[in-house]
Each structure stands twice: as structure tokens, then as C-alpha cells.
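Quick note on numbering: the sequence shown equals residues 31 to 665 in this note's numbering. Heads up, the beta-carbon is just placed ideally off N, CA and C, and yes, glycines get one too. To start, the structure under review is shown below, and the notes come after it.
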Amino acid sequence: MKKKTVVFTLFILSSLLAMSAFNANTSQAAVEPLANLVFKTNGGGVRPDYGLYVAQYLREIGIEVEVKVEEWTVFLGTLLLTRDFDLGVVGLSGGGASPDMFDVYGADGSLNMYGITREMPYGNESENMQIEGVTITDLVARQQHYYDWQQLMMDKIVPILPLFAPRSYVATWSNTLGYDARWGIIDSLPYIEYDGLHEGQDLLTEFSVADANWKDLNPLQTDDTSSSFIFSLMAESIIGWSPDLAPLKTSLVTDWEQIDEFHYKFTMRDNVFWNPSYNITGRTASSAPLDPAVTPLMTGNKTGSFSDGTNQQVTAKDAVFTYLAWANPIVSESPSYHNWISACYVDPVDDLSFHIEIDGNPATKPDVEQYVDFWARLPWEILPEFFLNTTSTEVSLTSGLVECTGFYDGILQTAPWVYYSTSAFGCGKYMLDYYLKNSVTVLTASPYWHGIGVIDGVTQDLDIETFNVRVIPDISAELAEFKAGKLDWTGLTAFPSERKQMQADPRFEVQSFLAASMTFMFYNLRRPFVGGVDNYEYLTAPGKEEYTKGSAVRKAMNYAVDRDEMNQVIHDGEYLLSHSVIYPFTAYYYYNDIIKYNRDLDAAVDWLTAAGYEVTIEGTPVPILGILAAIGAAA
């Protein structure tokens, strides 16, 4: 019996040794890689981890990748100057308002790190589609046009492998009804009401949030989000703007039409009035309620130009004034933002309509961007022309060389402009009541608001009568105040463990929305193997004649990467897997039915073979020690 056991054991060991030798030979057969590539990214965060995973996946199809991590300023120079890399990972944030992404994918774009040119196959077609897209007024046709462009980019050019889009998380108490995180607090306010009191709450008519100190309430001079948030509570946007980043007809502008290729007419809502021009200097929590009969009213630069809530209607002249002010370097911190406006004026027949003309002729304005997605640059909050403009006949020029009357050097020092920075008013939902520096800013619901919710265009009222913005610059302290019931809303993105606890707690409601951010792996189309001359050589494989050898290699590499596994391991599966060249945040134009590069080694081998490469996928080594341990455990 013992003899048979020894013979059986020797047989097992000899089989394992044979398998080990076979695996060794298989690995040796794949020693010579198809290419040796350099992957670069910047340090910090998880991007170096992305690189290590990508290197592991590409090794399976015979491509060796060396991962190099650089300090951000060095990496930026690598991307735009030295370009000594084959592939890498980068993240973009803060964009997404426009789907054209011309700076990123245009041949002359400042962020064209890939080396896309007009001469390469499909390069000129892509750029022409980008240019055409911003001139399409019909939103449905525009959406389909950008769908087609995204498909062209990801199927024929393939400059990137989209990776992930992070989510932002916010929390409210479960008794808060009507809040929609995608629309945000400002647009949700007309719909918010309470279903009973939550812990620490005293009133059903107050809503409290936290923020840093604001600096200047005049949006033309604002450079911080805290100031912009306060002003947005008091103001109304000229053009409505959805979370999908599409223009709406539910704000002050209710309709528009295209006169010709570069000329648009907009029509505004009737019977909208400016809130009282209250001077809230010196007001405190013990001051009498806001009332134009007893609360001081500020007078503007024109004689008798004050508002009591009923005497100053919002008209097209206010919209024209707002756009020209933003474009005028005398009063605006960002005048170049509207340098594409060649004319902006009130309709000669209808004082509720205004016109915007765009200069699309590079011969007349060579320094102005010829084509611009102006829709993304129209949703400004409207400013009171009657209060801020003057009767001066002096003429100044905007950054787009449009003549303005009334602006002059020194206007920012006039009393109305000085007071407006701390006692701003608009035609929006709330009026500034009082503020205590380093403590709180309090706003009161306006009885003069026109009462139309931008989300659905339906008549709404304001159940929240008082809106408090407490100064709590430390986010940990803000979270503690929220959990104590002293705040009604808080951000949770920076606290994943707290967020998961709240998601399981019925006292809270946690909502998420896509952040204006995207991360992707990109290719240097100038380099051999992933690009170079292979960008101009078409395939001869049946069914693939429309593709180039370079794009075939990039498609193969995309198919080899397991983004699902990366998301699960690195991000607990919570990031959105992206598939297109634009921000998923740009939901109206983001094409989700685009070609998708999900992990598929067979497809990777198929495209490499079509490109003329012989591929041997490495066999998975038999886990010898594991098998021996299992046999030992069984014995």
C-alpha cells in the first residue's frame, strides 16, 4: 500500500514539473514584445495606479509599458512641449459647458496633447464637424450632430481611452422634499418644503447651509464661488440652463429664433420686476422686516432710478446691458469671454426682445475666435441697467469692439457701483436682509418674484421664507453642524465613510451627481506603433478598410484594458465608466450608444492581427505551489 502511495505521489510531482516546464516555455515564447512604450502621468492621487494596471493589461497582448511619474509642472511640459511619451493618463475638470471641446481636440487647440492634425485621415472631417456644430441652432439636430462627431472620434481616430467620471455627493435630511441635487439648491428652492421637523430644527420656513465669507456681490467683479452663490439667490438667469447643459425657455428668455447664420433674436418674459433696491448697510437680526416704505432704498446713477419692487420692469435693455458689461474691460474682470459679440441691441419694435450678432469673419477680427459655442456663454444672471448705467455720452468699446454708451473710467467708484458690491439686488427669489462678517448672511423670500420655476416652467411659491448662509469654512465642522441638525444641506464627497453610513440611515437622504470632471488614457499620435506613419496606412483586412494601422493598434490597446476591474479595485465601483471624448457631465450631448471599448482580448488580438502583428496571448501559469498545498491539505 505504501509503495502505491509513493508511485502516485511521484506521478503527480512529475506531472506538475512538466506543466511548469510547459508554462516556462510558453512565457519564453512571449519574451519579445510587439513594442516597448512609455506611459507618463503626474504624481499624487491614483493616476500612477492607473498606469500600473494598464501596463499589466497590455503585457497580456505582448506590449511592454514603462510607467513614469512626473511632478505636475514637469508633466505639463511633457504634454505640450517635449511630448516624449507614448501614452499616459490625464484628468480634465471645470469644463463641459460646451460639447465641442475645441481646445482639447482641435488641431490648433491649446490642449491638443495627442497630435491630431487636419492632414491625418478623419482629422479634417472631425474639425469641420466641430466648427459646424456650434453654428447649429436646432437643439435636436445639434445633439445628433455631436453624436456623430463623437462616434467618428472614438471609432476612426481613437485618440483616447475614456476612463472614469467621479460623482459628487450631497446630503439633506429625509424630511426635506423637492430638492434635486442635479439642479442644485438655487433652482430647487421653489420646490423645497419640509415634511415635519428633523433633529435640531426649529422652523419649517428656514433653510440653512454653510460656506466661506463672500467678497463682492457684483458678479462683474466676482472671482469666488461664495460671492456667486449669494448673488444667484437674488438674481435670475437670462437664459435657463439645465443640468444636462442645454438651454431652456423657462427663465427670463422664453423663446428665440435664428435670423441668419450669425444673428439671433431672443424674447423675454413679460411682467417681471426688479426687487427693491434696498440699502442693507447696518441692518442686523433685530432690524425691522424689509419694507420699501421704511427701509432705505438706493438710487442709481440716473436721476430717480430706484426700485420699490413695482416700478422698474425687467426688459431687454437689462439683458443687453448685462452682456455688454461682461464684455467691457472698464467694468468686467473677464471681458474676453464675450469678444465674439459683434452687436447686441434691443429690438426696435419690441422692448422685450433683443438681438445678438456674432462676427464669424476672421478677416475683420483675426484675434477673435471665429466659431464659439455661444449657448454656453449666455446663462448670466441679469443686471439692472436702470441702476448701474449712467447718462454719460462717453463711448467705450467691448473686447469684441462693440460700442457702449455710459461706461467710463471711474464708474466703478461711483456710489451705486460701490453699494451694489455689498447691497446687491436682482429680480430673483430672495432679497439680501443682513449679513454679519465671519458669521452669517441672511436672505428673505421676495414677494415680488415672478413665481415661475425653471425646472418645469410652472408657477411655484417659496415655502422657504428665510435662507441662511453660515460662515463655516472648515468642511469637517460643517459636517458636524449638519449631523447636529443645525444645517439642512451639506457636501459629502470628501467623507466616503460618513456618506456610506448616512446612506444606510433613514434620517438622511444622500444624492449624487456627476462632477464636471473626466479622466482618460491618451495616445501620442506622433509616435511610432501607436501612431506616426501608421496613421496614414489603411488596413487591407476585409471589413476594416476604413481604418488605419495606427487606429487599429489604439483600438486593440483599448480593448485590452479592463476598466471595470480598475473601477472596482481603485474606486469601489462608484465612478461612472466613461465611453466618449466629452464630459459625461454634458449629458444632453454625451453619446452613450457610442462604440464601447469594454475588456475583450479576442477583439484586441483581432485588431492587432489586422494591423499586421502576430500576437501570442500569454498563457496563465499553473499555480504550482497552490496545487501542492492543496494536495498536502487533502492528504
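Nearest candidate by alpha-carbon position, reference residue i, set the options
i    : options                   : result
V448 : A582, N309, D403 and E595 : N309
E575 : Y80, P151 and L109        : P151
L234 : I494, N248, I93 and I482  : I494
G125 : Y627, Y577, I600 and A406 : A406
N248 : D636, A641 and Y450       : Y450
I166 : T435, I289 and T255       : I289
S476 : N243, M184 and E266       : E266
T420 : Y135, L408, C434 and P409 : C434
A524 : E508, A534 and E539       : E508
R113 : G561, R556 and Y577       : R556
D389 : F105, H293, S383 and G330 : H293
C457 : G580, W304 and N565       : W304
D630 : E90, K70, P78 and G74     : E90
Y221 : T206, E595, Q343 and A137 : T206
R77  : L88, T314, V119 and P378  : V119
P319 : V97, I600, Y464 and E567  : Y464
According to DSSP, residues forming a beta bridge with residue i
i    : result
E287 : K295
N66  : E94
W671 : Look at the range of the chain in this structure, 31 to 665, and you will see that residue 671 is not part of it.
R113 : Answer by DSSP bridge pairing: none, since R113 is not bridged.
Q343 : F303
C434 : S426
A373 : E387
D130 : Answer is none; D130 lacks a bridge partner.
P151 : P151 is not bridged to any residue.
W271 : P277
W519 : T202
Assigned secondary structure, residue i (DSSP; H/G/I helix, E/B strand, else coil)
i    : result
I647 : coil
N72  : strand
A48  : Annotation note: pLDDT 44 at A48 (below 50); position unreliable, coordinate value reported separately. It is helical.
I482 : strand
P396 : No answer about P396 holds up, because its pLDDT of 47 lies below 50 and its placement is not dependable.
M548 : strand
I310 : coil
F525 : coil
M595 : Looking at the sequence itself, residue 595 is Glu, so the reference to Met does not match. Three-state DSSP puts E595 in a helix.
H609 : coil
T578 : strand
T489 : strand
Y460 : strand
N53  : Low local confidence applies: a pLDDT of 43 at N53 is under 50, so the model's placement there is unreliable, and no value is given.
S257 : helix
A59  : Here A59 scores only 41 on pLDDT, less than 50, and its place in the model is too uncertain to base an answer on.
A445 : helix
E411 : strand
G214 : helix
I494 : coil
G118 : strand
D225 : coil
Contact under 7 Å by Cβ, residue i with residue j
i    : j    : result
R537 : Y199 : no
L466 : L473 : no
I412 : I268 : yes
P196 : S547 : yes
R593 : L606 : no
A454 : F194 : no
Q160 : D133 : no
E470 : V239 : In the sequence as displayed, the identity of residue 470 is Val instead of Glu. For V470 and V239, no; Cβs fall outside 7 Å.
S218 : Y224 : no
V84  : D116 : no
E287 : K295 : yes
T616 : L169 : no
Supposed close pair residue i, residue j - CB separation, criterion 8 Å
i    : j    : result
N341 : H480 : In fact, because the Cβ distance is near 15 Å, the residues do not count as touching under 8 Å.
V484 : S281 : 5 Å
Y589 : Y627 : 6 Å
D338 : P306 : 5 Å
A633 : V583 : Not really, about 13 Å apart at Cβ, beyond 8 Å.
L191 : V591 : 6 Å
F437 : S335 : About 16 Å separates the two Cβ atoms, so there is no contact after all.
H175 : G515 : Not confirmed; about 49 Å, so no contact.
W356 : S364 : 7 Å
V376 : A346 : 5 Å
S581 : V188 : 5 Å
L182 : E155 : 7 Å
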